[in-house]
Amino acid sequence: MSNLPQLDFIAGLQKTSNPILTRLLQFISDSITFFSFGIPIILLILGERGTEKKKSRLSFLYVALSIGLAGLVSYTCKKLTSIPRPYEVDVRIAQWSVGGGYSFPSGHTTEAFASAIALIFLFKNWKMALPVLTWASLVAFSRIYLGVHYPFDILGGILIGLTVSYGMQLIFKSKTEIFSN
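Pasting the structure below:
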């Protein structure tokens, strides 16, 4: 399968770039570090100060395992597929962000969607769904715009993040009470 349509899309997208948008999307892309590490830790710290410490620890474990396992699946897929990044195969595409290793799937997108879906399942607050899914979608878009991923990589990352968080939710729901009212 040819990546030419995807490369054309990325090159066209980068033609519309401007320095402010580029910096903003770099910031959004980099925010994954906070969400991957910070959110589970914040859940643990806040919970330790509350009355339901066991539930807090299980919530921390659920979110951390969802993100960590999704990241591991993503890393394994990268090693198995060995697909080069867009900027490595097309001179029209600039690399505006760090992208180590192979392209498929997007690790940033995987972790962003694993985080978002885990938080939505955990808090069952549908008002939270729109902001966290918007953030995850912006992370995904940023990876294409910044020249480090194909659109197909993003789709793979979304599917892995969603599937792993959902799977972890099913496991935790059957073994613990963190998802009970």
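Count along the sequence shown starting at 1, add 8, and that's the number in this note's numbering.
The beta-carbon is built from N, C-alpha and C at its ideal position, and this holds for glycine as well.
Residue from the options whose Cα sits closest to the Cα of residue i
i      : options                           : result
Ala137 : Ala124, Phe149, Asp98 and Arg57   : Ala124
Lys86  : Phe131, Ala102, His157 and Lys61  : His157
Leu130 : Leu69, Ser44, Ile91 and Gln34     : Leu69
Phe17  : Glu185, Val172, Pro159 and Leu167 : Pro159
Leu88  : Ser182, Tyr110, Ala102 and Pro94  : Tyr110
DSSP-derived helix/strand/coil call for residue i
i      : result
Glu60  : coil
Tyr83  : helix
Tyr110 : coil
Ala102 : coil
Glu119 : helix
Pro92  : coil
Ile186 : coil
Lys132 : coil
Thr41  : helix
Thr171 : helix
Thr24  : coil
Beta-carbon contacts of residue i that lie in its chain and below 7 Å, excluding the five residues immediately before and after
i      : result
Leu73  : Met176
Ile168 : Ala78, Val81, Ser82, Pro113 and Thr118
Close Cβ partners of residue i (< 6 Å) along its chain, the five nearest in sequence each way excluded
i      : result
Arg100 : Ala19
*What are the complete beta strand (DSSP E) segments, minimum 3 residues, inside the region 135-169?*
none
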